[in-house]
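First comes the structure, then the notes that go with it.
Protein chains: 4
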Amino acid sequence: MVPRYARPEMTAIWEPEAKYRIWFEIEAHATQKLAELGVVPESGAKALWDWWKTDPGIDVAAIDAKEAVLKHDVIAFLDWVADEVGPQARFMHQGMTSSDVLDTTLAVQLTRATDLLLADLDALLGALERRAREHKYTPTIGRSHGIHAEPTTFGLKLAQAYAEFDRCRARLVAARAEIATCAISGAVGTFANIAPEVEAHVAERMGLAVEPVSTQVIPRDRHAMYFAVLAVIASSMERLAVEVRHLQRTEVLEVEEYFSPGQKGSSAMPHKRNPILTENLTGQARMIRAYALPALENVALWHERDISHSSVERFIGPDATITLDFALARLTGVIDKLLVYPERMQANLDRMGGLVHSQRVLLALTQAGVTRDNAYRLVQRNAMKVWESDGRLSLLDLLKQDGDVTAALPEAELEEKFNLDYHFKHVDTVFERVFGGA
Amino acid sequence: MVPRYARPEMTAIWEPEAKYRIWFEIEAHATQKLAELGVVPESGAKALWDWWKTDPGIDVAAIDAKEAVLKHDVIAFLDWVADEVGPQARFMHQGMTSSDVLDTTLAVQLTRATDLLLADLDALLGALERRAREHKYTPTIGRSHGIHAEPTTFGLKLAQAYAEFDRCRARLVAARAEIATCAISGAVGTFANIAPEVEAHVAERMGLAVEPVSTQVIPRDRHAMYFAVLAVIASSMERLAVEVRHLQRTEVLEVEEYFSPGQKGSSAMPHKRNPILTENLTGQARMIRAYALPALENVALWHERDISHSSVERFIGPDATITLDFALARLTGVIDKLLVYPERMQANLDRMGGLVHSQRVLLALTQAGVTRDNAYRLVQRNAMKVWESDGRLSLLDLLKQDGDVTAALPEAELEEKFNLDYHFKHVDTVFERVFGGA
Amino acid sequence: MVPRYARPEMTAIWEPEAKYRIWFEIEAHATQKLAELGVVPESGAKALWDWWKTDPGIDVAAIDAKEAVLKHDVIAFLDWVADEVGPQARFMHQGMTSSDVLDTTLAVQLTRATDLLLADLDALLGALERRAREHKYTPTIGRSHGIHAEPTTFGLKLAQAYAEFDRCRARLVAARAEIATCAISGAVGTFANIAPEVEAHVAERMGLAVEPVSTQVIPRDRHAMYFAVLAVIASSMERLAVEVRHLQRTEVLEVEEYFSPGQKGSSAMPHKRNPILTENLTGQARMIRAYALPALENVALWHERDISHSSVERFIGPDATITLDFALARLTGVIDKLLVYPERMQANLDRMGGLVHSQRVLLALTQAGVTRDNAYRLVQRNAMKVWESDGRLSLLDLLKQDGDVTAALPEAELEEKFNLDYHFKHVDTVFERVFGGA
Amino acid sequence: MVPRYARPEMTAIWEPEAKYRIWFEIEAHATQKLAELGVVPESGAKALWDWWKTDPGIDVAAIDAKEAVLKHDVIAFLDWVADEVGPQARFMHQGMTSSDVLDTTLAVQLTRATDLLLADLDALLGALERRAREHKYTPTIGRSHGIHAEPTTFGLKLAQAYAEFDRCRARLVAARAEIATCAISGAVGTFANIAPEVEAHVAERMGLAVEPVSTQVIPRDRHAMYFAVLAVIASSMERLAVEVRHLQRTEVLEVEEYFSPGQKGSSAMPHKRNPILTENLTGQARMIRAYALPALENVALWHERDISHSSVERFIGPDATITLDFALARLTGVIDKLLVYPERMQANLDRMGGLVHSQRVLLALTQAGVTRDNAYRLVQRNAMKVWESDGRLSLLDLLKQDGDVTAALPEAELEEKFNLDYHFKHVDTVFERVFGGA
């Protein structure tokens, strides 16, 4: 986790105090159910909850001090709670293992983190839809291979991004369900010393599903899937960031990241305005992608469990969610405040002298009875002149002067082939597919 | 693709002939719809289907020869079809781009490949369930950190694997839906020269959904997600393979990969029987995992599309699916024919002199009124003697001789704590969770 | 391996026949040394070499047929050799294990592959140097963040690439040494049944060093390092490919991949010329990078060895080297025939109305006694006008009209600040650093 | 960075104060050279160094406060220095860009980090050599595929690890040289406003080499190589960690991580002693491996530079070096204090009833004139009985009772084949290769 790429709400989820609060809740809910089942006295559960109602602070330093001696984090915590609550606290943790607490806590942390990420995605989707509708019919050149192809609209570009992040949202909802399970199954997961009813109770109270079969730990294929989904989201984020970077290039300059009045782009070069936010996002996407790898390697734990996954998760749990939260918010800000230059888009569209309409002329010639080969040749011989003139010549003008062309296509028809609107007749169809009716 | 790790049915999906057959079907369905819409004559579509009904062979060599000259695979194919069908073929591909054909074809290939993989998973699940039920109550030692922990059953181990692959199956079904889309949207995806109805028609005929918004290409976040799911499945496969490798170790030897009568484990050492199939699977899992990476990097195509994804997909499309198909089948064979040694499991369970029951004695002492600390100390001082005897001493015997212990726990109660069945009372609960009722 | 991305010389290294030839040589050299040591009769070695001198074909199908029965590739091969050579062949492989043959063979294959790759790099370096010298003083705009920064030369761009690939070459030489070792050390690597002298002899004959300590296998950290170096080379390749793709963008168009007279850029759009070779290379770079991962995971073999690395290497051995060989050759072709447009470079340089000289004016004002803050303000107020005019205004003109500026800097001095050559005075220094004297 | 996996000396390198100290030194050395060259007055450089000699504290908070306003870290720092030093500070940074400072600083940080890592490796090598010599002739079973193969010594196992980390050390020395370069070349790296002599001077003072050709940034193939080497080291670390984990398994128990007197292995199971340090290392190795990926993706910066690498390096610079430093120290501790149980090794060696000598009998029978096939059959028929007896029968006994065997091999010769020492005759050869003479 890099502090400058972290936002407080997400960071808080991963702080010691938040973790200990979840630990307590899991232990207290379990104790309560154990009391109901008659395994421990009711007074044990009551004492815990009574103390909790006093809204006690968590003394992280005191717990740390105990851990330094005991070399066991969960025992240190239980000890500290016992100090606070008194002898009734001794009924906590009956028949449980540390993993029951730790793995269920990770599930709670990841679901909370995911809820923030879902809200981030919603904000991003909101910004994308707003700007897409704003530029639904703003003409711009579509590019394949970085080369001008045919006209499209800037709204369509953003609609594509919307659809992509909407898929990401659905994936994240599914990923949340993957990791939202509770395991309170005791040593090697046999429930030998703790009844499945305890697990069901804690699960329900913590907003989780029951893990059908745990082996002291929750199986790590769930987490692998989760971090793989974050990696996919990061990659989609990178796509949109790269698009902005491309469109802000000096020679293209169809959009710019918002540049605040007093900002300096470069200490040395007073003329610079750089797409630094999206460049920054590109790097963050690389990191989030990388975190999926150790998560995948974590799956093959030995036998009922080993603890190699633990050090990995101490890194990637916070680092992947905190960075993605920051990055999605940054991306939303970029889209929200993006400076869009429709005149420049039109100028770029026009700079190839109308070459972007070559396909329509080709098709029209074919439909007018010219063989495809001949039609291709006719268009190409004029198109190449325009290409070589670097757009100073106009394709339409040249075609009008080409007798072989006009023999097949009257001038008026020819002109119609250079009509931009022709390309936008299905924009509405796509918008309906993406954003639904209206 | 490594031929020795490939099975014919999956390989066939990726062979040129299969690809060309899909190309033809896409083109012919599109032409048919174009005819219905009045864009091309009915005779154009009819000619294509009439020829197709003759069940013509695909002359891959002839198409290749054309591509060598034309440097364009789709044009080469269309040319060859025109040679075969005659002039009516010229109405094919009207308003389409090569990507319309290529991306939709990849969708068809991946869905077909996925159907095979789903069948592979079903076979694996079948084998796992059968063996799990067979060994539902076969006692074996549960191990955490590679160290004996508490008893479990071999059936529970397999039930865990079943639940994991069942999750993988659900993920693969979702992944199939991700990539099962059809795009026939023309240059930069605006439908300028081809109506959305054509796309809908082809999609329906090819068993695909319509891609809501394509930009000449189907967005690659879909494929990234798909290959990420294969990577998760590979990791689960690795987990089970590693489990078998561990259990076959000389010192453990609780299971063995089937060893055919005439087989030689080693040319030099006549005594060897190695878990080579699961070792081999471990390596294959590493490969399938690696293929997810370039798929993730493919997402950030430039503008409406570039073609950097294409070379990646020529590798990972076949390599990931063919290898996973082979590996799943191999894993199913391993499970199906796995030699299981219950006596050896029991012997291993017993080799620690009953130490695996230490927790129960600890809990019983606590419940009998001994403080947890004292109880721990009482158990530990006897447990350590057993440990140091390398299991030659018996924990139960020592405890019976320890007056402090028997003062709290009468001998009969003590003996009950060493009852294996105690650990298995919830096996049925877990089986019901995993396999459903009955 | 994808056939269209493979060249015959590299592919041949990985074909069965080549592998079997190396197997034979290793076995024959070992037998010869065993004979010298008196372990086997001289006649055994002689029979092998006599047969080899007849230049016998390798009957791959016959060996395959034997392997199908024996399920052991090395035994199948030895059997076939015995069939061909006769009873004297029985002295082969004395005290050796299959790994001795397999690992040493992989070392030979990788060193041969590396020699081809080194030649590929030399060709690329040659092309880069030639084009760098050709364009040593061709002015072009340097871009940071995709935004115009200050002038540089196209030759400097290529010199940078040269220096980068020159480092790659040095890394590859080191990587070759890493994997060029021979192990003939018998079961678990103790030399119990084969003397170290045999290893030394085979190593020397096969052009390898002796592996200091093997454990039946050559340790896989060597191979991990090797494939990591290929991944770095691939990444440098991607950098240069991406540079070409950027420079070929319609709006930039400073260079183009060679476009042959009859070539068609697009079936639908007659005006297109796409940088498909470098896009293709970008995808290949992703693959080669991915292959490093399983190589890294291969390192942690269990105990003296397991065989999980083997399936991985059957993929990445050929796939990484064949693809990199193809890609380097393709990249060399791109550079060699690259169409370079100096006029367009100059036009792009000029399109910002001289803004790229803003730093020099700033520095000059400062040196003329204006405070840095004031100087920055003076330059910026004129620069912003030019920026907003989209380069139609000229910075020099505006500055000349700004009394505050001319008060500090006389017109002639001001003009000198817009001298392009000023930026190139150290081009020679850099060229000397990169290419050496002269 | 996870605080519990961090050691202070390495962490200090990455803290803001350390970074600012390096920034100052670079700026001050550059100013000094600029003064020598007559570009700035001598007094400017003197003022800086005079202030520095007062050993001023770095007020990180003050600099942060400035950055919050200026949004530029380097300018904020220069501003703060100017506040401290006075007007003479205005000559700093003349003709330089921020990248000159940032990239050179990263080089200094990475070289310092590397020096710590090299010391870590030296400590590990020391521990490995000491324990290897201690157990040079401690017999233990060599295992291939996790299955008993033939005898080796525990010292040989450690010698292998020593050789592997010795290679890692050499790689790290090379990697250090890769990233130890200084670039002070100004905007887009042309030296237009700063003479190459300044770069040479700063490089020499900071202990770096001159970067032959930079483009405002130091090329990132250098850093990719660096982090790839860390990934290889991590993988070797994982190998040794996994070896310890295997050897500590309950059924094997040939070694144990040191277990301090008061330590508790499990809160629930008083009998447990788990290899948690090496499990922990396994997870850390996964992380360090993952960090190489974004470093590889960083190479393909756009044109002369973009800034996407920067966010990546803010993560992996500290995270990879701090974690590896911690992990190497932890591994050294594990090896240093490793509890080794030679009796248990001998017991494991013996538990297969002498099967581990089967190859020697096979070879002896062959040399006594029995055909290889017959010899194999003779050994195998006795070996399988021993195997099935789970090592209760003795291979030697059975062979002595097999007339077909004794017909070829007299009893005394047979017995000699079961001599352990036979396997250790070349231990010394290997030790000499690994550790050098004596």
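Note that the protein sequences, when read in sequence, are chains L, H, F and D.
Residue 271 in our numbering sits at position 271 of the first sequence, and the numbers go up by one each step.
Residue 733 in our numbering sits at position 295 of the second sequence, and the numbers go up by one each step.
Residue 1087 in our numbering sits at position 211 of the third sequence, and the numbers go up by one each step.
Residue 1567 in our numbering sits at position 253 of the fourth sequence, and the numbers go up by one each step.
Here a beta-carbon is modelled for each residue, glycine too, at the ideal position from N, C-alpha and C.
A565(H) bridges to which residues according to DSSP?
As a first step, residue 565(H) is located in the second sequence; it is residue number 127 there, counting from the start. In the DSSP output, where bridge partners are listed per residue, A565(H) has none listed.
Keeping to the same chain, check which residues put their C-beta closer than 7 Å to that of A6(L); ignore five residues upstream and five downstream.
Here residue 6(L) refers to the residue found at position 6 of the first sequence. Annotation for A6(L): I322, F326 place their beta carbon closer than 7 Å to its own, counting only its chain and skipping 5 residues before and after.
Is H861(H) closer than 8 Å to E588(H) when the C-beta atoms are compared?
Taking the first residue of the second sequence as position 1, residue 588(H) is located at position 150. Taking the first residue of the second sequence as position 1, residue 861(H) is located at position 423. The answer is yes: Cβ separation under 8 Å.
Strictly below 8 Å CB to CB, what residues from chain D border K471(H)?
Counting from one through the second sequence, the residue named residue 471(H) turns up at place 33. Neighbours of K471(H) on chain D: none; closest Cβ ~42 Å, over 8 Å.
Please report the residue range of the alpha helix (DSSP H) in which P139(L) lies.
Taking the first sequence and counting its residues from 1, one reaches residue 139(L) at position 139. Counting along the chain, P139(L) falls outside any alpha helix (DSSP H), though it belongs to the beta strand (DSSP E) covering 139-144.
Selection of the stretch 1121-1137 of chain F by Cβ proximity to chain L, strictly under 7 Å
Within the stretch 1121-1137 of chain F, the residues whose Cβ lies closer than 7 Å to some Cβ of chain L are R1121, Q1124, R1125, T1126, E1127, V1128, listed in chain order.
Residue burial classification, T659(H) (beta-carbon count within 10 angstroms, cutoff 16)
Locating residue 659(H) in the second sequence gives position 221, where the first residue counts as 1. The displayed chain sequence assigns Asp, not Thr, to residue 659(H). Result: buried.
Inspect the beta-carbon positions of Q1423(D) and W1328(D) and report whether they are closer than 8 Å.
Taking the first residue of the fourth sequence as 1, we reach residue 1423(D) at position 109. Taking the first residue of the fourth sequence as 1, we reach residue 1328(D) at position 14. Between Q1423(D) and W1328(D), the C-beta spacing is below 8 Å.
Sort out for me which residues DSSP pairs P756(H) with in a bridge.
Numbered from its first residue, the second sequence carries residue 756(H) at position 318. For P756(H), which the question treats as bridged, DSSP gives no partner whatsoever.
Flag this pair as touching only if the stretch 1564-1575 of chain D and the stretch 1622-1632 of chain D have three or more C-beta atom pairs under 8 Å; answer yes or no.
Segments in contact, no.
Are the C-beta of E742(H) and some C-beta of chain F separated by less than 8 Å?
In the second sequence, counting from the first residue as 1, residue 742(H) sits at position 304. Not an interface residue.
Please name the residue in P1608(D), E1381(D), E1513(D), R1674(D) whose C-alpha comes closest to that of R289(L).
The sequence position of residue 289(L) within the first sequence is 289, counting from 1. Per the Cα distances, P1608(D).
Cα separation between H1099(F) and T619(H)?
Counting from one through the third sequence, the residue named residue 1099(F) turns up at place 223. Counting from one through the second sequence, the residue named residue 619(H) turns up at place 181. The alpha-carbon of H1099(F) is positioned some 40 Å away from that of T619(H).
For I147(L), write down the residues that DSSP places opposite it in a beta bridge.
Residue 147(L) sits at position 147 when you count from the first residue of the first sequence. Paired residue(s): S144(L).
Which of the three DSSP states, helix, strand or coil, is assigned to R1404(D)?
If you number the fourth sequence from 1, residue 1404(D) lands on position 90. Collapsing the DSSP output to three states places R1404(D) in a helix.
Of all the CB atoms in chain F, is at least one closer than 8 Å to the CB of T1743(D)?
Locating residue 1743(D) in the fourth sequence gives position 429, where the first residue counts as 1. Yes, T1743(D) counts as interfacial toward chain F.
At a CB-CB cut-off below 9 Å, which residues of chain F make contact with P1533(D)?
For the purposes of this step, residue 1533(D) is taken as the residue at position 219 of the fourth sequence. Ordered by position in chain F, the residues that pass the 9 Å Cβ test against P1533(D) are Q1036, A1039, E1040, R1043, S1112, R1115.
Alpha-carbon to alpha-carbon, A1697(D) and R1483(D):
Here residue 1483(D) corresponds to residue number 169 of the fourth sequence, with the count starting at 1. Here residue 1697(D) corresponds to residue number 383 of the fourth sequence, with the count starting at 1. Looking at the two C-alpha atoms, the distance is approximately 44 Å.
Quick one: what's got a C-beta closer than 7 Å to R176(L)'s C-beta in the same chain, skipping five residues either side?
Position 176 of the first sequence, counted from the first residue, corresponds to residue 176(L). Excluding sequence neighbours, R176(L) sits near T111, T114.
Give the interface partners of F1629(D) over in chain L, defined as CB-CB distance under 7 Å, in chain order.
Taking the fourth sequence and counting its residues from 1, the one referred to as residue 1629(D) is at position 315. Within 7 Å Cβ-Cβ: V2, M287.
Please report the distance separating the alpha-carbon of R677(H) from that of W302(L).
The residue labelled residue 677(H) in the question sits at position 239 within the second sequence. The residue labelled residue 302(L) in the question sits at position 302 within the first sequence. Roughly 8 Å between the two C-alpha positions.
Chain L residues whose Cβ lies nearer than 7 Å to that of Q1598(D):
Here residue 1598(D) refers to the residue found at position 284 of the fourth sequence. Going along chain L in sequence order, the residues near Q1598(D) (Cβ under 7 Å) are S311.
Coarse secondary structure for T152(L), derived from DSSP in three states:
Taking the first residue of the first sequence as position 1, residue 152(L) is located at position 152. Looking at T152(L) - three-state DSSP - the assignment turns out to be strand.
Near-chain F residues of the stretch 1650-1682 of chain D (beta-carbon distance less than 8 Å), N- to C-terminal order:
Those residues of the stretch 1650-1682 of chain D that come within reach of chain F (Cβ to Cβ, closer than 8 Å) are Q1673, R1674, L1677.
Could you please give the first and the last residue of the uninterrupted alpha helix (DSSP H) stretch that includes Y1690(D)?
Position 376 of the fourth sequence holds residue 1690(D). Boundaries of the alpha helix (DSSP H) harbouring Y1690(D): 1686-1702, taken from the DSSP string.
How many angstroms separate the CA atom of A965(F) from the CA atom of V680(H)?
In the third sequence, counting from the first residue as 1, residue 965(F) sits at position 89. In the second sequence, counting from the first residue as 1, residue 680(H) sits at position 242. Cα to Cα, A965(F) sits roughly 39 Å from V680(H).
Thinking L1442(D) and L1486(D) are a contact (beta carbons under 8 Å), I'd like their distance in whole angstroms, please.
Start at 1 with the first residue of the fourth sequence, and residue 1442(D) comes out as number 128. Start at 1 with the first residue of the fourth sequence, and residue 1486(D) comes out as number 172. Actually they are not in contact, since the Cβ atoms of L1442(D) and L1486(D) sit about 16 Å apart, beyond 8 Å.
Could you work out which residues of chain D lie near E1119(F), taking near to mean beta carbons separated by less than 9 Å?
One-based indexing of the third sequence puts residue 1119(F) at position 243. Those are A1614, W1616, H1617, listed as they occur along chain D.
Run down chain D in chain order and give the residues with a C-beta less than 7 Å from the C-beta of I1183(F).
Here residue 1183(F) is taken as the residue at index 307 of the third sequence, counted from 1. Residues of chain D passing the Cβ test: H1459.
Count the other CB atoms within 10 Å of the CB of A1068(F); is the residue buried (16 or more) or exposed (fewer)?
One-based indexing of the third sequence puts residue 1068(F) at position 192. Label assigned to A1068(F): buried.
Tell me which same chain residues have a C-beta within less than 6 Å of the C-beta of L70(L), skipping the five on either side of it?
Within the first sequence, the letter at position 70 stands for residue 70(L). Only A76 meet the Cβ criterion.
Interface flag, I501(H) vs chain D, CB-CB below 8 Å:
Residue mapping note: residue 501(H) aligns to position 63 of the second sequence, counting from 1. Contact of I501(H) with chain D is not assigned, every C-beta pair being separated by 8 Å or more.
Helix, strand or coil, according to DSSP, for A518(L) in the structure here?
Given a span of 1 to 438 for chain L in the structure shown, any question on residue 518(L) remains unanswerable.
The alpha helix (DSSP H) that contains Q290(L), what's its start and end?
The residue you call residue 290(L) lines up with position 290 of the first sequence. Note on residue identity: the sequence assigns Ala, not Gln, to residue 290(L). It spans 276-297 - the alpha helix (DSSP H) in which A290(L) sits, taken as one unbroken run.
Output yes or no for whether 8 Å exceeds the beta carbon distance between H586(H) and M790(H).
As a working mapping, residue 586(H) is identified with position 148 in the second sequence. As a working mapping, residue 790(H) is identified with position 352 in the second sequence. Closer than 8 Å, so yes.
Beta carbon proximity, P1170(F) to chain H, threshold 8 Å
Walking along the third sequence from the start, residue 1170(F) turns up at place 294. By this cut-off, P1170(F) is an interface position.
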